[in-house]
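Working notes for the structure below.
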Amino acid sequence: MINPYQGPEADLGGPVGPGPERVGAARRRPIGHGWLWWRRAWALTAANRVLWCLALLVFMAVIMGISLLGLFVPVLGNFAPTLIGPVLVAGLHQLAWRRWHDEEFDFGQLFVGFSQRTGPLFLTGLTQVGLQVLFTLLMVVAVLLLFGPEIAALFTAGFQGEPLDPTSAAAFGQMGMIKVALLTLIMVAISIPYMAMIWFQVPLVFFGDRRPLAALGESLTAVLRNWLPMLWYGLVPMLFLLLLAVLLGVLLAGANMLFGADSLAMLLVGLFSGFLSLVFALFLLALTTVSVYASFRDIFGVGDDEPDATPDL
106 MINPYQGPEA DLGGPVGPGP ERVGAARRRP IGHGWLWWRR AWALTAANRV LWCLALLVFM
166 AVIMGISLLG LFVPVLGNFA PTLIGPVLVA GLHQLAWRRW HDEEFDFGQL FVGFSQRTGP
226 LFLTGLTQVG LQVLFTLLMV VAVLLLFGPE IAALFTAGFQ GEPLDPTSAA AFGQMGMIKV
286 ALLTLIMVAI SIPYMAMIWF QVPLVFFGDR RPLAALGESL TAVLRNWLPM LWYGLVPMLF
346 LLLLAVLLGV LLAGANMLFG ADSLAMLLVG LFSGFLSLVF ALFLLALTTV SVYASFRDIF
406 GVGDDEPDAT PDL
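Using this note's numbering, the letters of the sequence shown correspond one by one to residues 106 to 418.
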């Protein structure tokens, strides 16, 4: 018999964590989706821009606080932010998940990584630490191969207490610029696959129940399959940052002409510009985080029953 006075038994609070959405394999998307990811991210963050900025401020404060461990534990402390980072990044993606599903912005969800999928997220950080160590070793090898003679000559001159031969110094200077340029190219060539491997690793582990090592390979595959939209995706913020830098430069130059470099008004303009730059940087970081989530849903067909269908962004 049904009690007419009995309250509802359904959970009216809505979901508080990732729902049972299917995370498929990486698929190719059109180049124009690089811009659509930013549009979708803007739609999800603009309504709660103050809360997003506060969330990123807390995120950066926690990371900086963890980084202080490097003062007391030089080796382990330097890798601590990378180890803890995925746990906190999962919280940012969780906030994006809530906004995608029209849930309220719950600030407490920023630390959801400490209660859901905590072990795999820590292992994700451990794999990223391993990649950083490998990246550092490769860079050390590259430096020794390119600048080995110069380093040996400097050490020899230092131990013998003699000045460096001017002829050798001139030769090193002429080749130095070429070697520095080559080292920069090597660093970029190593950094691109590193970034590609970790780009979707956290959402794959957190939402897709992937293993951390498997997520590295899936993330790399996803970026390689979508290098054209990813290229367009990366150019969009660069264009906006260039425009912002030009506007900020014009503002400071105009204020300098009106008030003078040593005036109190110029100091206030500089402080105001710095504050605006900080707020813009926080919002851009939030926008970037949500855009990564938007691209993750699009590329991996999250919640899309038809893998070949284009989600409505």
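Beta carbons: idealized from backbone N, C-alpha and C, even for Gly.
Treat the numbers as computed from the prediction; the structure is a model and nothing was measured.
- For G224, the three-state secondary structure derived from DSSP is helix.
- Secondary structure note for S382: its alpha helix (DSSP H) is the uninterrupted segment 369-404.
- Classified as buried, H198 has 16 or more neighbouring CB atoms from the shown chains inside 10 Å of its CB.
- Annotated as proximal: P317 and T232, with beta-carbon spacing under 8 Å.
- The DSSP-derived three-state label of G230 is helix.
- Following the DSSP letters along the chain, one finds I171 inside the alpha helix (DSSP H) bounded by residues 154-172.
- Pairing A201 with S378, the inter-Cα distance amounts to about 29 Å.
- When M300, G281, I404 are compared, the shortest CA-CA separation from R330 is found for I404.
- Here DSSP, grouped into helix, strand and coil, assigns V293 to helix.
- Annotation for V351: the continuous alpha helix (DSSP H) segment containing it runs 332-364.
- In this model, L353 and A391 are separated by some 21 Å (Cα to Cα).
- The DSSP assignment places 306-313 as complete runs of the alpha helix (DSSP H) inside the segment 297-321, in order along the chain (cut-off: 4 residues).
- Residue nearest to T229 within the set V248, Y398, L372, S324 is S324 (criterion: CA-CA distance).
- Listed in chain order, the non-local C-beta contacts of F212 below 7 Å within the same chain comprise L156, A160, local neighbours out to five positions each way being set aside.
- The segment 361-369 and the segment 172-191 do not touch, with fewer than 3 CB-CB distances between them shorter than 8 Å.
- Using a Cβ-Cβ distance cut-off of 8 Å, the segment 302-317 and the segment 342-357 are not in contact, since fewer than three pairs of beta carbons, one from each stretch, lie closer than that value.
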